[in-house]
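One structure is given below, encoded as structure tokens.
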Amino acid sequence: MKNLFCVNGFMAMGFACLLLTSCNGGSDTQNAAAEKPQVKLTKVEGRDILQIETYSGTVESDVKNNISPNMQVRIKKIHFDVGDYVSRGQVVVTLDESSQQQMKLQVQSQITQTQSQLAQLQNQQAEFNRTSELYKIGGASQSEYDAAQTQLTVQKNALAAQENQLKVLQTQLAQLNQNTNLTSPISGVITARNYDDGDMYNGTPVLTVEQLNPVKLKVSISESHFKDLAKGQKVDVYLDAYGDELFTGTITTIYPSIDNVTHTFPVEITITNNDNRVRPGMFGKAIVSFGSAYHVTVPDEAIVKQVGAGDRYVYVYKNGKVFYQKVVLGQHFDKDYEIMEGLNSGEQIVVAGMSRLSNNKEVEVVK
């Protein structure tokens with residue numbers, strides 16, 4: 116009986132030990148499983164995405180004209196002020212006619228001097244002819260002949276100088292007569308006025324007129340898109356002054372050279388402005404399309420910013436582990452990002468449970 120108790124006691128103790136060992140083994144397995152971060156995955160897919168970029172710029176007039184006289188003259192009357200609209204051919208500035216009268220007197224004085232010089236030349240020509248005839252028959256010496264000839268040349272040069280000066284004054288008078296009333300060569304708005312009535316013109320334009328229809332928006336575009344643009348291409352334009360109102364622009368000028376510092380090139384977008392609502396100086400944004408490209412998209416929550424850097428990355432899942440994968444972001448659509456570089460269609464990425472992840476980390480995938 117005693118032996119049986121011992122045997123049974125031993126068996127009971129062995130069973131207890133086996134049970135304890137079994138329990139401990141299960142706990143270790145659960146702990147190992149608990150150490151794996153739980154993540155949710157999604158499979159990325161590619162699609163054709165319209166490539167759109169937004170560029171900012173300031174509206175400029177398509178044509179800008181500075182109105183000035185051709186010479187220094189006093190300004191009698193400026194007929195318009197900044198903000199006024201003027202039509203092509205309309206008189207905008209009247210110059211002081213006293214300058215015109217003064218110039219007429221200078222021209223008349225120069226005519227008199229020229230006529231006097233001509234008379235002197237004629238007298239000298241007669242004197243030279245007389246000396247020349249005497250020289251031929253021995254009635255005048257060589258020195259007398261040379262002196263007469265030299266004096267004739269001096270008189271001819273003096274007359275030529277007087278005639279040139281007369282031409283200059285006559286040209287200035289003609290310009291003054293023509294510019295007594297300055298007209299606008301274009302229809303547009305006065306954007307600058309630099310003088311008051313009675314001021315003397317000193318070289319700065321009296322008025323600046325800018326054409327308002329059409330106007331243009333000048334933007335700088337990356338050289339990578341140089342091949343993707345064409346004249347005549349339509350562009351959506353938004354102006355800060357008009358909020359979400361859409362204006363349509365047309366690419367009219369593509370500059371042929373690339374800036375070697377910024378690696379951009381200028382593009383001019385012309386905007387029809389029949390109602391003159393768009394004004395030079397307004398800030399605008401141009402939405403330019405460059406066709407479509409096949410790229411994958413990922414949810415917002417999959418994008419992680421690397422600490423201490425501006426890089427963005429996602430966790431890619433492969434064979435039970437996750438790995439860092441740097442990506443280049445493109446456009447943002449509602450809750451998705453376009454991925455320009457770094458991912459291929461069909462790859463699986465983490466969309467939840469990133470807080471405990473690191474590179475080459477084993478994870479548990481949950482639904």
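So the number in our numbering is just where the residue sits in the sequence shown, counting from 1, plus 115.
Beta carbons: idealized from backbone N, C-alpha and C, even for Gly.
It should be emphasised that the depicted structure is a prediction, and the values quoted were computed from it without experimental measurement.
query = Mind checking Glu383: buried by the 16 CB within 10 Å criterion, or exposed?
reply = On the sequence shown, residue 383 is found 268 positions in, with the first residue counted as 1. Buried, by the Cβ-count rule.
query = Considering only the beta carbon of each residue, do Ile418 and Ser299 sit closer than 8 Å?
reply = Mapped onto the sequence shown, residue 418 falls at position 303. Mapped onto the sequence shown, residue 299 falls at position 184. Against a cut-off of 8 Å, the Cβ pair of Ser299 and Ile418 comes out as no contact.
message = On the DSSP bridge list, what partners appear for Asp451?
response = As a working note, residue 451 is residue 336 in the sequence shown. Here Asp451 is bridged, per DSSP, to Pro414, Phe448.
key: Top-ranked residue by Cα proximity to Tyr310, from Gly445, Lys191, Ser470, Glu456   = Sequence index remark: in the sequence shown, residue 310 carries index 195 (1-based). Residue Lys191 is the option with its Cα nearest to Tyr310.
request  = At 3 residues or longer, and completely inside the stretch 333 to 364: list those beta strand (DSSP E) runs for me, N to C.
outcome  = Every beta strand (DSSP E) of 3 residues or more that sits fully in the stretch 333 to 364 is shown, in chain order, as 349 to 354.
ask   = Under the three-state reduction of DSSP, which class applies to Lys219: helix, strand or coil?
value = Numbered from its first residue, the sequence shown carries residue 219 at position 104. Lys219: helix per DSSP, three-state reduction.
request  = Compute the distance between the beta-carbons of Val350 and Val393, then report whether it is under 8 Å.
outcome  = By 1-based counting over the sequence shown, the position of residue 350 is 235. By 1-based counting over the sequence shown, the position of residue 393 is 278. Inclusion of Val350 and Val393 in the CB contact set at 8 Å is not warranted, their separation being larger than that value.
message = If we require 3 or more residues per run, which beta strand (DSSP E) segments fall completely within the stretch 280 to 312?
response = Taking 3 residues as the minimum length, the beta strand (DSSP E) runs contained wholly in the stretch 280 to 312 are 296 to 298, 303 to 308, in order along the chain.
inquiry  = Would Lys151 and Glu462 be called neighbours here (beta carbons separated by less than 8 Å)?
reply    = Counting from 1 along the sequence shown, the entry for residue 151 is found at position 36. Counting from 1 along the sequence shown, the entry for residue 462 is found at position 347. No. Outside cutoff.
Whole-angstrom distance between Ile373 and Asp302, CA atom to CA atom = The residue labelled residue 302 in the question sits at position 187 within the sequence shown. The residue labelled residue 373 in the question sits at position 258 within the sequence shown. Note that residue 302 is Ser in the sequence shown, not Asp. Put simply, the backbone Cα of Ser302 is about 34 Å away from that of Ile373.
task = Could you tell me the distance, in whole angstroms, from the CA atom of Leu220 to the CA atom of Tyr200?
result = Taking the sequence shown and counting its residues from 1, one reaches residue 220 at position 105. Taking the sequence shown and counting its residues from 1, one reaches residue 200 at position 85. Using only the alpha carbons, I get a separation of about 38 Å.
Bridge partner(s) assigned by DSSP for Gln277 = Here residue 277 corresponds to residue number 162 of the sequence shown, with the count starting at 1. In the DSSP assignment, Gln277 is bridged to no other residue.
key: Helix, strand or coil at Tyr260 according to DSSP, with G and I counted as helix   = As a position in the sequence shown, residue 260 is number 145, starting the count at 1. Residue state, collapsed to three classes: helix.
request  = Could you please give the first and the last residue of the uninterrupted beta strand (DSSP E) stretch that includes Thr169?
outcome  = What you label residue 169 is simply residue 54 of the sequence shown in a count that begins at 1. Thr169: member of the beta strand (DSSP E) spanning 160 to 176, first to last residue.
message = Using the Cβ count rule (16 or more neighbours within 10 Å means buried), how would you classify Ala263?
response = By 1-based counting over the sequence shown, the position of residue 263 is 148. Label assigned to Ala263: buried.
inquiry  = For Gly388, count the other beta carbons within 10 Å of its own beta carbon; 16 or more makes it buried, fewer makes it exposed. Which is it?
reply    = Position 273 of the sequence shown, counting from 1, holds the residue named residue 388. Reading off the sequence shown, one finds Asn at residue 388, where the question assumed Gly. With 16 or more other Cβ atoms within 10 Å, it is buried.
key: Whole-angstrom distance between Ala234 and Phe243, CA atom to CA atom   = The residue you call residue 243 lines up with position 128 of the sequence shown. The residue you call residue 234 lines up with position 119 of the sequence shown. Phe243 and Ala234 have their C-alpha atoms spaced approximately 14 Å apart.
task = Reducing DSSP to helix, strand and coil, say where Ala401 ends up.
result = As a working note, residue 401 is residue 286 in the sequence shown. Three-state DSSP puts Ala401 in a strand.
inquiry  = By the three-class DSSP mapping on this structure, what secondary structure does Met315 have?
reply    = As a first step, residue 315 must be located in the sequence shown, where it is residue number 200. The DSSP-derived three-state label of Met315 is strand.
query = Which one of Val154, Thr365, Gly161, Gly399 has the shortest CA to CA distance from Met455?
reply = Residue mapping note: residue 455 aligns to position 340 of the sequence shown, counting from 1. Per the C-alpha coordinates, the member of Val154, Thr365, Gly161, Gly399 positioned closest to Met455 is Gly161.
request  = Spatial neighbours of Val197 within its chain, please: CB distance less than 6 Å, with the 5 preceding and 5 following residues excluded, ordered by chain position.
outcome  = Taking the first residue of the sequence shown as 1, we reach residue 197 at position 82. Short of 6 Å from the beta carbon of Val197, and not among the five residues preceding or following it, lie these beta carbons of its own chain, in chain order: Ile305, Arg308.
task = Taking all protein chains shown into account, decide if Ile193 is buried (16 or more other Cβ within 10 angstroms of its Cβ) or exposed.
result = Taking the sequence shown and counting its residues from 1, the one referred to as residue 193 is at position 78. The residue in question, Ile193, is buried, as its Cβ has 16 or more Cβ neighbours within 10 Å.
key: Separation of Leu165 from Thr379, as counted between CA atoms   = Walking along the sequence shown from the start, residue 379 turns up at place 264. Walking along the sequence shown from the start, residue 165 turns up at place 50. Using only the alpha carbons, I get a separation of about 21 Å.
ask   = From which residue to which residue does the beta strand (DSSP E) around Ala98 run?
value = Absent from the model: residue 98. The displayed extent of the chain is 116 to 482, so no value can be given.
key: Any non-hydrogen atom of the ligand ADP within 7 Å of Thr157 CB   = Looking at this structure, you won't find the ligand ADP or any other ligand, since it has none at all.
inquiry  = When you compare the CB positions of Gly468 and Val154, do they come within less than 8 Å of one another, or not?
reply    = For the purposes of this step, residue 468 is identified with residue 353 of the sequence shown, where counting begins at 1. For the purposes of this step, residue 154 is identified with residue 39 of the sequence shown, where counting begins at 1. Using a Cβ distance threshold of 8 Å, Gly468 and Val154 count as a contacting pair.
request  = For Asp359, count neighbouring C-beta atoms within 10 Å of its own C-beta (all shown protein chains included) and say buried if the count is 16 or more, exposed if not.
outcome  = The count along the sequence shown starts at 1 and reaches residue 359 at position 244. By the neighbour-count rule (16 or more Cβ atoms within 10 Å), Asp359 is not buried but exposed.
request  = Go through its chain and collect everything with a Cβ distance to Arg203's Cβ below 7 Å, but skip five positions before and after it.
outcome  = Position 88 of the sequence shown holds residue 203. Sequence-distant partners of Arg203 (beyond 5 residues in either direction) whose C-beta falls short of 7 Å from its own C-beta, in its chain, are Ser299, Pro300, Ile301, Ser302.
task = Give the DSSP-derived three-state secondary structure of Tyr250 in the structure shown.
result = Residue 250 sits at position 135 when you count from the first residue of the sequence shown. Correct three-state label for Tyr250: helix.
ask   = Does the separation of the CB atoms of Val179 and Thr385 fall below 8 Å?
value = Within the sequence shown, the letter at position 64 stands for residue 179. Within the sequence shown, the letter at position 270 stands for residue 385. In the sequence as displayed, the identity of residue 179 is Lys instead of Val. Result no, Cβ atoms of Lys179 and Thr385 do not sit closer than 8 Å.
request  = Please state if the CB of Gln280 and the CB of Gln225 are separated by a distance shorter than 8 Å.
outcome  = Locating residue 225 in the sequence shown gives position 110, counting from the first residue. Locating residue 280 in the sequence shown gives position 165, counting from the first residue. Gln280 sits close to Gln225, with the two beta carbons spaced by under 8 Å.
message = Tell me the residue span of the beta strand (DSSP E) that contains Phe380.
response = Numbered from 1 along the sequence shown, position 265 holds the residue referred to as residue 380. Residues 379 to 386.
inquiry  = Using DSSP's beta-bridge definition, name the partner residues of Tyr200.
reply    = On the sequence shown, position 85 is the one that residue 200 refers to. Answer by DSSP bridge pairing, in chain order: Val304.
task = Taking only the alpha-carbon atoms, compute the straight-line gap between Tyr409 and Val321 and give it to the nearest angstrom.
result = The residue you call residue 409 lines up with position 294 of the sequence shown. The residue you call residue 321 lines up with position 206 of the sequence shown. Rounded to whole angstroms, Tyr409 to Val321 spans 56 Å at the Cα level.
task = Indicate the three-state DSSP secondary structure (helix, strand or coil) for Ala234 in the structure shown.
result = As a first step, residue 234 must be located in the sequence shown, where it is residue number 119. Ala234 falls in the helix class under three-state DSSP.
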